[in-house]
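These notes concern the structure reproduced below.
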């Protein structure tokens, strides 16, 4: 009887474990920035942050950037929630 109960607890624990784990949602954002004074990278990051905030993503990392000049930049962010 104890073996049957123990087996049932193990099986139920295996079934319940995946349901209790939360799935992370990942989304990518592209921020663009242009400036006559050389702040393009800063503006591109602000653009990406604003997009992520509007979508409800708080945990973000910049995984790539394209700085054509100090006056034109693009950043690529990957965010999770």
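In mature numbering (1 follows the signal peptide of the UniProt record, and there is no 0), the protein residues as written are -23 to -1, 1 to 58.
For every residue, glycine included, the Cβ atom is placed at its ideal position computed from N, Cα and C.
A quick note: this is a predicted structure, and the numbers were derived from the prediction, not measured.
Check                                                                                                                                    : Outcome
Less than 7 Å between the C-beta atoms of residue 21 and residue 51, yes or no?                                                          : yes
Quick check: what's the CA-CA separation for residue 38 versus residue 55?                                                               : 6 Å
With a cut-off of 8 Å on the beta carbons, I'd call residue 48 and residue 12 a contact; round off their distance for me.                : 6 Å
To which residues of the same chain is residue 9 closer than 7 Å at the C-beta, ignoring the five residues directly before and after it? : 21, 24, 51
Could you please give the first and the last residue of the uninterrupted beta strand (DSSP E) stretch that includes residue 48?         : Counting along the chain, residue 48 falls outside any beta strand (DSSP E), and DSSP gives it neither H nor E.
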